[in-house]
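A.B. asks: The sequence shown runs 0 to 186 under numbering that gives the first Met the number 0. From the three backbone atoms N, C-alpha and C, an ideal C-beta is built for every residue, glycine too. Structure in structure tokens, see below.
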Amino acid sequence: MLEMALLGNRLPVSISSMTHLDIMHGTSDFNYCPNCGVTAVYSDENGQRILSCECGYVHYKDPKVAVGVLIRDQDNRILLMKRAHHPRKGFWSYPSGYVDYGEQVETAAKREVMEEVGVEVKIGELIGVYSEEGSRVILVVYQGAIISGSPSPGEESEEVAYFSLSELPEMAFPRDVGIIGKWMDEN
Ligand SMILES: [Zn+2]
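Here it is, written out as structure tokens:
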């Protein structure tokens, strides 16, 4: 488990081993072989439970790439959205989501920002790449700057607002507090 120190007099934040995207898109196994449809049989390979069927089909679990964008205003507050859907409905997070197959990561970042907070952004510096043992999700976080529009809720958000680090709302995913805090501290 990662530990990421927060700012000033705040306590270190323990980073949850389960990310939002693990929760959002189940890590559950197939009950049936996706190739031939017989009841799935699993074998253990290097500690991973792998579906390997008598038809020859082997299903390896690949990582999923997600992208998030941190956007600040002139008062050094971060743009967050209140989630309109489960998981963690009613809690806050920065714009983020999965990169689609064949989609450039930066393009996915811009798309998620538009979908969730309704603004067009220029994608800036890479803030970090976050992964954890046992989690299928690799989260890539960029900094973003608004080039057009003003933040407003989209289909996936109930509310959007800027928050200072010392007044963050109840965050959906504990890891995000550490990511935001470290970035704001260093920039
Ligand atoms: Zn099969």
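Could you check if Y59 belongs to the surroundings of ligand 1, using beta carbon to heavy atom distance under 7 Å?
C.D. replies: The residue given as residue 59 occupies position 60 in the sequence shown. Every heavy atom of ligand 1 is 7 Å or more from the Cβ of Y59, so no.
A.B. asks: Under 8 Å between the Cβ atoms of I70 and V120?
C.D. replies: On the sequence shown, residue 70 is found 71 positions in, with the first residue counted as 1. On the sequence shown, residue 120 is found 121 positions in, with the first residue counted as 1. Yes, the pair counts as a contact, with Cβ atoms nearer than the cut-off.
A.B. asks: How many angstroms separate the CA atom of N30 from the CA atom of T38?
C.D. replies: Position 31 of the sequence shown holds residue 30. Position 39 of the sequence shown holds residue 38. Each residue's Cα considered, the two are about 6 Å apart.
A.B. asks: Report the rounded CA-to-CA distance for R76 versus G133, giving the unit in angstroms.
C.D. replies: Translated into the one-based positions of the sequence shown, residue 76 becomes position 77. Translated into the one-based positions of the sequence shown, residue 133 becomes position 134. For R76 and G133, the distance between alpha carbons rounds to 33 Å.
A.B. asks: Does the distance from the CB of E114 to the CB of E155 come in under 8 Å?
C.D. replies: Taking the sequence shown and counting its residues from 1, one reaches residue 114 at position 115. Taking the sequence shown and counting its residues from 1, one reaches residue 155 at position 156. Contact flag set, yes.
A.B. asks: Which same chain residues end up closer than 6 Å to E44 when comparing Cβ atoms and leaving out the 5 residues on each side of it in sequence?
C.D. replies: Counted from its first residue, the sequence shown places residue 44 at position 45. Closer than 6 Å at the Cβ level, and outside the excluded window around E44, lies no residue.
A.B. asks: Are R48 and D61 close, meaning C-beta to C-beta below 8 Å?
C.D. replies: Residue mapping note: residue 48 aligns to position 49 of the sequence shown, counting from 1. Residue mapping note: residue 61 aligns to position 62 of the sequence shown, counting from 1. Result no, Cβ atoms of R48 and D61 do not sit closer than 8 Å.
A.B. asks: If you compare alpha carbons, which of Q142, G89 and I122 is closest to P168?
C.D. replies: Taking the sequence shown and counting its residues from 1, one reaches residue 168 at position 169. Nearest option by C-alpha distance: G89.
A.B. asks: I need the straight-line Cα distance from I22 to V136, nearest angstrom please.
C.D. replies: Here the question's residue 22 lines up with position 23 in the sequence shown. Here the question's residue 136 lines up with position 137 in the sequence shown. Caution is warranted here: a pLDDT of 45 is assigned to I22, below 50, making its placement in the model unreliable, and the coordinate value is therefore given only provisionally. If I take the Cα positions, the gap works out to 10 Å.
A.B. asks: Between which two residues does the alpha helix (DSSP H) containing G96 stretch?
C.D. replies: Counting from one through the sequence shown, the residue named residue 96 turns up at place 97. Here G96 belongs to no alpha helix (DSSP H); instead the beta strand (DSSP E) covers S95 to Y97.
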